[in-house]
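Student: Pasting a structure below so you can have a look.
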Amino acid sequence: ARGLDAIARTKGMRFGSAVSANPRTGSFTNPDYAALLRTDCGLLVAENEMKWQHVGPAPGQFDFAAFDRMLAWSEQNGMAMRGHNLLWQRRKWMPAWVEAHDFGARPATEAARILVEHIEAVTRRYETRIQSYDVVNEAVTPETGALEETALSQAMGGTEATIDLAFRTARTSAPHAELVYNDYMSWEPGNATHRAGVLRLLEGFRRRGTPVDALGIQSHLVTSGPDTHKSILAQQDDWRRFLDAVTAMGYRLLVTELDVRDNGLPVEAKARDRGVADYARAYLDVTLSYSRLRDVVAWGMTDRFSWIEGFEPRADKAPRRPCPYDARYRAKPLRDAIAAAL
Ligand code: XIL
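The opening residue of the sequence shown carries number 3 in mature numbering (1 follows the signal peptide of the UniProt record, and there is no 0); numbering runs sequentially from there.
Printed below as a string of structure tokens:
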């Protein structure tokens, strides 16, 4: 069978996956995993290795070793890498030292210095080897649509100013790169407030001239039963209205972290995989109908290493099946669904 990226390229698109440098969480150093990446992917993203906590473990200290290894491997194998992410606007995901930092007598100046130092360090190191960055990740609180705060953004005097500075810095130090705002607002019921908050943020970027090129749609999908794909298609208008509004403002779109949390599906693998594939197919058919969407990235290729297992185990404790390949590296219906939707 043809690889997913090869199929995507015939439509002017690309397909790829998150990957880790840690063999325990799904690494390119694992030959079985590497074979899947070579078969299907033209684009990779580091599952964790570029995050601020990882590359900036202490004040003024940088550690790019793990990401460097991944980038070298991807280049040797003819794959591009996306940058994920420069600022994850959640307290929990900021480096602990930044959250605990004493910002001193001029907190806004000190906060800006720290943020700019970080973004410049990453973008200047990789120059044109990275052509697309998730500059800001998850700045909107899903329940309220308001913006998240961190010690850094409070020191800066506001989240908007912090995010704007992140994008402006990235534009200046990586003028070649596509700059993405990435979040997990979805088409699922209960997401209207999150979507509205993201729209407000994107409108604000345009009003203030903040340099943002695209919206990254994480796409951590969640089923609720075997027929969710039918019920949700009946509600696709809200999702289309959201994507219409985003693209009308001139933003491109990316699917950045596709996987499926197989809730409410029978434990039996065949039926479960069918439900996952049907749901993803419905979602991709609607979402990929937007020609401004160019890249589709899965958050891991095999069930063996999916983060979903640790993040939210199934109620019945049966191993999760969120990815295109199963735990023994065999293609699942989800892979066919993606191939058909591309
Ligand atoms: C996750 C990784 O998969 C985990 O290994 C890590 O412990 C936490 O982060 N949204 C994102 C990703 O933007 O960076 C997250 O990745 C998944 C949710």
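All C-beta atoms in this analysis are idealised placements derived from N, C-alpha and C, irrespective of residue type, glycine included.
Does any heavy atom of ligand 1 sit closer than 7 Å to the C-beta of Y186?
Tutor: Y186 Cβ: within cutoff of ligand 1.
Student: Can L154 and M96 be called in contact, C-beta distance under 8 Å?
Tutor: Against a cut-off of 8 Å, the Cβ pair of M96 and L154 comes out as a contact.
Student: Measure the CB-CB distance between A48 and M72 and report whether it falls below 8 Å.
Tutor: Yes, the pair counts as a contact, with Cβ atoms nearer than the cut-off.
Student: Taking the beta carbon of G192 as the centre, do at least 16 other beta carbons fall within 10 Å, making it buried, or is it exposed?
Tutor: Classification for G192: exposed.
Student: Is it buried or exposed, F244, if we count other Cβ atoms within 10 angstroms and call 16 or more buried?
Tutor: By the neighbour-count rule (16 or more Cβ atoms within 10 Å), F244 is buried.
Student: Could you check if V265 belongs to the surroundings of ligand 1, using beta carbon to heavy atom distance under 7 Å?
Tutor: The sequence as given places Asn at residue 265; Val does not occur at that position. No; taking the cut-off as 7 Å, the Cβ of N265 has no heavy atom of ligand 1 nearer than that.
Student: Have a look at A339 and I234 and give me their C-alpha separation to the nearest angstrom.
Tutor: Roughly 17 Å between the two C-alpha positions.
Student: Once you ignore the five residues that flank D215 on each side, which residues in its own chain have a CB closer than 8 Å to its CB?
Tutor: Closer than 8 Å at the Cβ level, and outside the excluded window around D215, lie E180, L181, V182, Y253 and R254.
Student: DSSP state of Y183, grouped into three classes?
Tutor: DSSP places Y183 in strand when its eight states are reduced to three.
Student: Quick one: is E77 buried, meaning 16 or more other Cβ sit within 10 Å of its Cβ, or exposed?
Tutor: Exposed, because fewer than 16 other Cβ atoms sit within 10 Å of the Cβ of E77.
Student: Taking the continuous alpha helix (DSSP H) assigned at D287, which residues delimit it?
Tutor: It spans A271 to T289 - the alpha helix (DSSP H) in which D287 sits, taken as one unbroken run.
Student: For F64, I'd like the list of residues in its chain whose CB is within less than 8 Å of its CB, leaving aside the five on either flank, ordered along the chain.
Tutor: Cβ within range, chain order: V57, G58 and A123.
Student: Just checking, does the region 264-275 make contact with the region 322-333 on the three C-beta pairs under 8 Å criterion?
Tutor: The region 264-275, when compared against the region 322-333, does touch it at the 8 Å Cβ threshold.
Student: Ligand 1 and N79: does the residue's C-beta get closer than 7 Å to at least one heavy atom of that ligand?
Tutor: N79: no, Cβ never under 7 Å from ligand 1.
Student: Could you tell me the alpha carbon to alpha carbon distance between W54 and L295, rounded to whole angstroms?
Tutor: The straight-line gap from Cα to Cα measures roughly 27 Å.
Student: Below 8 Å on the Cβ atoms is my guess for residue 403 versus D297; work out the distance and round it to an integer in Å.
Tutor: Because the chain in this structure spans residues 3 to 344, residue 403 falls outside the shown range and cannot be described.
Student: How would you call A172, buried or exposed, if buried means at least 16 neighbouring beta carbons within 10 angstroms?
Tutor: Buried: at least 16 other Cβ atoms inside 10 Å.
Student: V142: which of A157, W90, Q238 and G14 sits nearest, CA to CA?
Tutor: The shortest Cα separation from V142 among A157, W90, Q238 and G14 belongs to W90.
Student: May I ask you to check if the CB of N139 is nearer than 7 Å to at least one heavy atom of ligand 1?
Tutor: Yes - ligand 1 has a heavy atom lying nearer than 7 Å to the Cβ of N139.
Student: Looking only at its own chain, which residues have a Cβ that is under 6 Å from the Cβ of T195, when we skip the five neighbours before and after it?
Tutor: Taken in chain order, the residues that qualify are G147.
Student: How many Å lie between W75 and A23 at the Cα?
Tutor: Cα to Cα, W75 sits roughly 10 Å from A23.
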